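Scroll down for the structure; my scribbles are underneath it.
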Amino acid sequence: MYLTKGKKARSAGALGLILGCELFLLKNGKIIPLEVCRIRRRLIEDPEEGSSLNALLKAKGCASAVESSAEKVQECADLVAEDCLRRFMSSARDFSSGKRKMSPEFGEEDFQEIEDIEDCVRGSKKLTLTPTEKERLKTPSCRKKEISLSKVPPSDWERIVDEVRIMRENRDAPVDLFGSGQLVDRSKSAEVQKFHALVAAMLSTQTRDAITAAAMKRLHSIPGGLTPQRVANDNLTLETLEELLKPVGFYRQKAKYLKAIATMLIKPPYHGAVPGTLSELMKLPGVGQKVGLVVLFAAFGKSDEGIICDSNVRRVCCRLGWVPEGSTPDETRQALEKWLPRDLWGELSYLFVGFGQQICKPMRPMCQLCRVNSLCPSAFVSQAKKPKSKEKRS
Numbered sequence: 001m002y003l004t005k006g007k008k009a010r011s012a013g014a015l016g017l018i019l020g021c022e023l024f025l026l027k028n029g030k031i032i033p034l035e036v037c038r039i040r041r042r043l044i045e046d047p048e049e050g051s052s053l054n055a056l057l058k059a060k061g062c063a064s065a066v067e068s069s070a071e072k073v074q075e076c077a078d079l080v081a082e083d084c085l086r087r088f089m090s091s092a093r094d095f096s097s098g099k100r101k102m103s104p105e106f107g108e109e110d111f112q113e114i115e116d117i118e119d120c121v122r123g124s125k126k127l128t129l130t131p132t133e134k135e136r137l138k139t140p141s142c143r144k145k146e147i148s149l150s151k152v153p154p155s156d157w158e159r160i161v162d163e164v165r166i167m168r169e170n171r172d173a174p175v176d177l178f179g180s181g182q183l184v185d186r187s188k189s190a191e192v193q194k195f196h197a198l199v200a201a202m203l204s205t206q207t208r209d210a211i212t213a214a215a216m217k218r219l220h221s222i223p224g225g226l227t228p229q230r231v232a233n234d235n236l237t238l239e240t241l242e243e244l245l246k247p248v249g250f251y252r253q254k255a256k257y258l259k260a261i262a263t264m265l266i267k268p269p270y271h272g273a274v275p276g277t278l279s280e281l282m283k284l285p286g287v288g289q290k291v292g293l294v295v296l297f298a299a300f301g302k303s304d305e306g307i308i309c310d311s312n313v314r315r316v317c318c319r320l321g322w323v324p325e326g327s328t329p330d331e332t333r334q335a336l337e338k339w340l341p342r343d344l345w346g347e348l349s350y351l352f353v354g355f356g357q358q359i360c361k362p363m364r365p366m367c368q369l370c371r372v373n374s375l376c377p378s379a380f381v382s383q384a385k386k387p388k389s390k391e392k393r394s
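Using UniProt numbering, the letters of the sequence shown map in sequence onto residues 1 to 394.
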């Protein structure tokens, strides 16, 4: 299948996310599953690893990875790509976004080009995906190993937490200045402040803290204040909300969530009050487990329903060796909850978030300033460096 117009890798990537499969747009315009590219690369770089791909190759009528010729491997990869494209084409019929059309070289059906994922969410119809479409193409070698949920705490964990407390004494990290609990209007009633914390937590996902804070400031300036009743009012249009939230990540979808949340809260059984349990919070549109836990801690002071684990907490725990490298935030949360005392769940979350923002950064962590570098197996390990920009010619 080829794109005849407007060839853009992000168009394929956006559709891939919606359809539940990773897509990759080659230079010649041909779309194939990204996993196929990985398989080819592994076979070229390490033929011995081909044994882990035998099942996939044999399923397509080819010999084992090691014994197959390059032509056979290419043939197998093309067959897998063709299967993925067939699913792509059958699912793409449901899209109608009004963008430029793209059409395959075979077949007579037209499809819509989608320029970014938010347009997908706004303009597409609801998809009913089969389990096959939801599952990404996997091989035995690329399946993530299950995380061991041991109840035995890591050695020196208490000392590490104490040292991080000392490093976080100033409480001047972005999470301390712009966290959900700091973005409420203290002049309002307790119930309205809880709504503020809920809105801030929902907006904070996939968004920098400073951008969330700026958006909250604009929302507080709404005539009548930031209340469920005011947001649910028809006089505050969805388009106005979108402008107030921009450039928050996925601001269009979050504007819809915010409108829907406010509409739900003003009706029974809530009567304008934010629910105080995780299960009830997760019934609200756009509120998942992490957002729910943030709301419980920021609005109600509760931390016993789960550890708030974002990318900072995950990264710090991986570097300390508390969880295996490659663990997801949710896997990290589950592992920590097995051994960390419940009364530390809330404190450790915010300690490690700020620590990850200031010291244990994703790029170039400041190991020389870290008080636990002697206890960290990842300390002073060379990190990937950002490519230097080319110097301007004089």
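Backbone N, C-alpha and C define an ideal beta-carbon position, used for all residues, glycine too. Quick caveat, the model's predicted, so the values are computed rather than measured.
Is residue i near residue j, with beta carbons less than 8 Å apart?
i, j, result
"Gln-357", "Val-161", "no"
"Phe-178", "Ala-210", "yes"
"Val-313", "Ser-349", "yes"
"Trp-339", "Val-152", "yes"
"Val-231", "Ala-201", "no"
"Asp-304", "Arg-364", "no"
"Pro-362", "Arg-333", "no"
"Val-199", "Leu-226", "yes"
If you draw a straight line from the C-alpha of residue i to the C-alpha of residue j, how long is it?
i, j, result
"Glu-158", "Gly-286", "35 Å"
"Pro-324", "Leu-236", "47 Å"
"Cys-370", "Ala-197", "32 Å"
"Gly-306", "Gly-224", "35 Å"
"Cys-120", "Ser-155", "Confidence at Cys-120 is low in this model, with a pLDDT of 37, below 50, so the placement of that residue is unreliable and no value is reported for it."
"Ile-117", "Ala-214", "Note that Ile-117 scores 36 on pLDDT, short of 50, meaning its location in the model is unreliable and no value can be drawn from it."
"Leu-258", "Gly-354", "27 Å"
"Trp-345", "Leu-351", "10 Å"
"Glu-191", "Leu-320", "39 Å"
"Leu-203", "Ile-359", "25 Å"
"Met-167", "Leu-375", "15 Å"
"Leu-265", "Thr-328", "32 Å"
"Met-282", "Ala-260", "13 Å"
"Gly-292", "Pro-377", "33 Å"
"Leu-219", "Asn-373", "42 Å"
"Val-164", "Glu-239", "44 Å"
"Val-294", "Leu-336", "17 Å"
"Gln-193", "Pro-228", "11 Å"
"Thr-277", "Ser-311", "24 Å"
"Met-366", "Ala-379", "9 Å"
"Ser-150", "Asp-172", "34 Å"
"Glu-146", "Val-381", "Residue confidence is low: Glu-146 scores 48 on pLDDT, short of 50, so the model does not pin down where it sits. Its coordinate-derived value is still stated next. So the two alpha carbons sit approximately 26 Å from each other."
"Phe-195", "Ser-180", "11 Å"
"Leu-284", "Gln-368", "44 Å"
"Lys-290", "Ser-221", "27 Å"
"Asp-330", "Glu-347", "18 Å"
"Arg-252", "Gln-206", "13 Å"
"Asp-234", "Ala-255", "13 Å"
"Glu-169", "Gly-288", "30 Å"
"Cys-318", "Gly-326", "8 Å"
"Ser-189", "Cys-309", "29 Å"
Just curious, the alpha helix (DSSP H) that residue i is in, first and last residue?
i, result
"Thr-332", "329-339"
"Ala-273", "First-last for Ala-273: undefined, no H or E at that position."
"residue 395", "The displayed coordinates of the chain run from 1 to 394. Any statement about residue 395 would go beyond what the structure contains."
"Ser-311", "311-320"
"residue 395", "As shown, the chain starts at 1 and ends at 394. That puts residue 395 outside it, with no answer to give."
"Thr-263", "251-265"
"Ser-349", "345-358"
"Phe-297", "289-300"
"Met-363", "Neither: Met-363 is in no alpha helix (DSSP H) and is coded neither H nor E."
"residue 403", "No answer is possible for residue 403: it lies beyond the span of the chain, which begins at 1 and ends at 394."
"Glu-242", "238-245"
"Ala-215", "209-220"
"Pro-174", "174-178"
Touching or not, the region 268-281 and the region 244-255, by the rule of three or more beta carbon pairs under 8 Å?
-> no
Contact the region 290-310 vs the region 180-191: 3+ CB pairs below 8 Å | yes
Taking 8 Å as the threshold, find out whether the region 273-284 comes into contact with the region 208-222 through three or more Cβ pairs.
-> Touching, no.
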